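These notes are about the structure you will find just below.
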Amino acid sequence: MKKQRIIPFSKAINEALHFSMSNDKNVILYGLGVDDPMEIFGTTEGLAKKFGNDRVFDVPTSENAITGVGIGASIGGLIPVMTHQRLDFFLLAMDQLVNAAAKWYFMFGEQRSIPITVRLIIGRGWGQGPTHSQNLQSWFAHIPGLKVVMPSTPEDAKGLLLASIADKNPVVFLEHRWLHNLKGHVEKKAVPIPLGKASVLRKGKDITLVTMSYATIESIHASDYLKEHFNISCEIIDLRTVSPVDYGTVFKSISKTGKVLVLDTGMKNCSISSEIIARIAEKFWGKLDKRPEQLALPDFPEGTSPALTKDYHVSAEDIIKRVLFMSDIKSKQKISLERQFPHDVPGDWFTGPF
Amino acid sequence: MQLKLLKMMVRIRSLEERIASEYSSQEMRCPTHLSIGQEAAAAGVGLALSKKDVAVSSHRGHGHYIGKGGDLKRMMAEIYGKETGCSMGRGGSMHLIDREVGFEGTTAIVGNSIPVGVGLGLALQAQKRKNISVVFLGDGAVEEGAFYESANFAAVRNLPVLFVCENNLYSVYSPLSVRQPKNRQIYKMVQGMGIKSIIADGNNVEDVFKAVSKAKAEILKKKQPIFIEMPTYRWREHCGPNFDNHIGYRDEKEFLRWQKKDPIKIFSNKLLKNKSISQAQLEKIYLSVAKEIDEAFDFAKKSPFPKLNLSESTIFAK
């Protein structure tokens, strides 16, 4: 077996940024704190030093304007990558994103596309609460003219960010804070992963799990447990890009398994998962072994207290229970994964505050 | 240059009057914001710039597009919703673009194009070009957060941006008195943000031309943005072809006072008086402009409509 090159997700992001900036002198990177000592959770490490203040710079607290500045700069020939430490603050920039970036190519008769990448960090738990944790991927996915990317693994984070920066269109790149310390194999060389292509993360025959971002991690834990304890084989389709969705790969898997559970890290109402369920219902009406199911957040804001997040998110246990239900297995066995750390952190590496 | 300035103002006025006179035929099926009465700013700014200077504007952007040298045929085809329009019929009157002459687009949401213009300035600075980016805005846009954020960004990064604020006293039907504190002078407020700000007579095309020429040189030399307020007046209704003094939000006297300051009449009378131009030359300008406009309308009317295309290639570049 080839030697593994294990690095964290944050380092994979960092490598993609280093490569993109070295590869094309028009790439610029800006956002609040991109050159501060925290280096956006390590993702912007060494960039300001290497590429200088003209290309890597901190900005005023003006989310809307700096998005528009990115649009204008891209029309002028630059390739801006913008970073926001929380998606929630970026909501101030919806006019520029929706009315300008997403529309420009269409509304000016295909004369100039807007090659910007907007990195937004999403999250959950450890007191992030109602306005520091929102997973609003479906907002962006609703807008034609935007591509929405949600990597789950370090390798995908690197490859998808490379492709996002190289893409000629506006890309919203959603990084889950709970993934930044996830380690995995990443090729040293730059290998872009095409946007709009899902990956079959685990092959299986009994049920299809459609996942994204951090939900993928829970689905892997669930899948391992189901295999070991119930001999149920899950096929995990990691969407990677949630707009456009790679329906071809999703449908192919469902045709094989006849059962599908769609997971979402956001709230259920008008979500990516509910849209996928709707399309599956349209295409597979009457042809599935079980009704399609989804697990997403309740249509309710996330509370701050750890007591309020315990049963709020979708856990591997929830996935296991739903798969067993869909498999007509009534188990009295207590389902419990060996978690070594509290429910509201991704691992013992995370001790707050954000 | 005087004749060019005059002809440009006549071109903008005549084209918009032609739009107004044909609007009721229901062939131009999009909201249209005329700038009749405000031609001096559009002509004076546009002619003080080179093709390599870039500009963006707002919903009331016909004059700015024409002043910068935008193609009349493609503009009219756009307003008629035709495939040959500058935006292939997808944008209409509020989304005019002519990249050949550095006119990077008008957008419809108040304040929306301001940061885009500042970003164009960022690109010019990065590429070390000797050009500026001009942002046309109105007094209403000064009330949007996007304006403050963008002006601040331009100032803190010393960008080659010229903000041109046409203050025509109204945002739709809302007068300045309900929108901004009494006695505020917009340019003085912007001065307080650390941006050099001046005021020029928005109905005097030579004043505008001189102020912008000087500002451009200073922006490039001192590496800093400049803001120019240009007081002026919108003669017709906010959106549409008609006069609207009778509906009661502004009084007839105010309108007549501003009509006396007609930028075209004032300037052509001056040129006639000091014999820079003869009556015959003036008539020739009007005739030649009328021909251009006939051709533009003819082109627009004869052009085909676009076909609805729902393929991904219309929203994403490959």
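Note that the protein sequences, when read in sequence, are chains A and B. Letter 198 of the first sequence, counting from 1, is numbered 197 in numbering that gives the first Met the number 0, and no numbers are missing. Letter 210 of the second sequence, counting from 1, is numbered 209 in numbering that gives the first Met the number 0, and no numbers are missing. Glycine is no exception: its CB is placed at the ideal position from the N, C-alpha and C atoms. Remember, it's a predicted structure, so these values are computed and weren't measured experimentally.
- Between the C-alpha atoms of L46/A and I246/B there is a straight-line separation of about 60 Å.
- With contact defined as three or more Cβ pairs closer than 8 Å, the region 311–324 of chain A and the region 97–108 of chain A are not in contact.
- Shown here, E82/B sits in coil according to DSSP, grouped into three states, outside any helix or strand.
- When the alpha-carbon of E148/B is set against those of G116/B, V204/B, L123/B, the nearest one is in G116/B.
- In this structure E38/B does not touch M74/B by the C-beta definition: roughly 15 Å separates them, more than the 8 Å allowed.
- Here N13/A is not bridged, per DSSP, to any residue.
- In the three-state scheme derived from DSSP, where H, G and I count as helix and E and B as strand, P59/A is classed as coil.
- Listed along chain B is no residue with a C-beta nearer than 8 Å to that of E227/A; the closest approach is about 42 Å.
- Under the Cβ criterion of 7 Å, A295/B is not counted among the residues facing chain A.
- Contact between V155/B and V134/B does not hold, since the beta-carbon distance rounds to 16 Å and is not under 8 Å.
- Separation of G183/A and E228/B (C-alpha to C-alpha, rounded to the nearest whole angstrom) is 57 Å.
- Taking all protein chains in view, the Cβ of Q124/B is crowded by 16 or more other Cβ atoms within 10 Å, so the residue is classified as buried.
- Counting other Cβ atoms within 10 Å of its Cβ, R28/B stays below 16 and is therefore classed as exposed.
- Against N111/B, the close residues of chain A are G67, D94, Q95, N98, A99, in the order they occur along the chain (beta-carbon pairs closer than 8 Å).
- For the pair S13/B and A295/B, the Cα-to-Cα distance works out to about 12 Å.
- A straight line joining the alpha-carbon of Q25/B with that of G30/A spans about 47 Å.
- Contact residues of the region 116–132 of chain B toward chain A are G116, V117, G118, L119, G120, L121, A122, L123, A125, Q126, S132 (C-beta to C-beta distance below 8 Å).
- The three-state reading of DSSP puts M81/A in strand, counting E and B together.
- I142/A is not a Cβ neighbour of Q84/A, given a cutoff of 7 Å.
- The CB of Q110/A comes closer than 7 Å to the CB of I96, R98 in chain B, given here in chain order.
- The Cβ atoms of A122/B and G75/A sit closer than 7 Å to each other.
- Using beta-carbon distances, F172/A does not count as an interface residue toward chain B, since no partner is under 7 Å.
- For the set A277/A, P59/A, T60/A, S9/A, the Cα lying nearest the Cα of I39/A is the one of S9/A.
- Taking 7 Å as the upper bound on Cβ-Cβ separation, chain B lies near residues G69, I70, G71, A72, I74, G75, G76, L77 of the region 69–80 of chain A.
- Of the residues K48/A, F105/A, E281/A, the one whose Cα lies closest to the Cα of L307/B is F105/A.
- Sequence-distant partners of P305/B (beyond 5 residues in either direction) whose C-beta falls short of 6 Å from its own C-beta, in its chain, are E82, M87, G88.
- Contact between the region 243–260 of chain A and the region 159–178 of chain A is absent: fewer than three C-beta pairs spanning the two stretches fall below 8 Å.
- Assignment of beta-bridge partners to N166/B by DSSP yields P230/B.
- DSSP lists I6/A as the beta-bridge partner residues of G183/A.
- Going by DSSP, F172/A is part of the beta strand (DSSP E) stretching over 170–175.
- Note on geometry: alpha-carbon atoms of P79/A and I263/B lie some 43 Å from one another.
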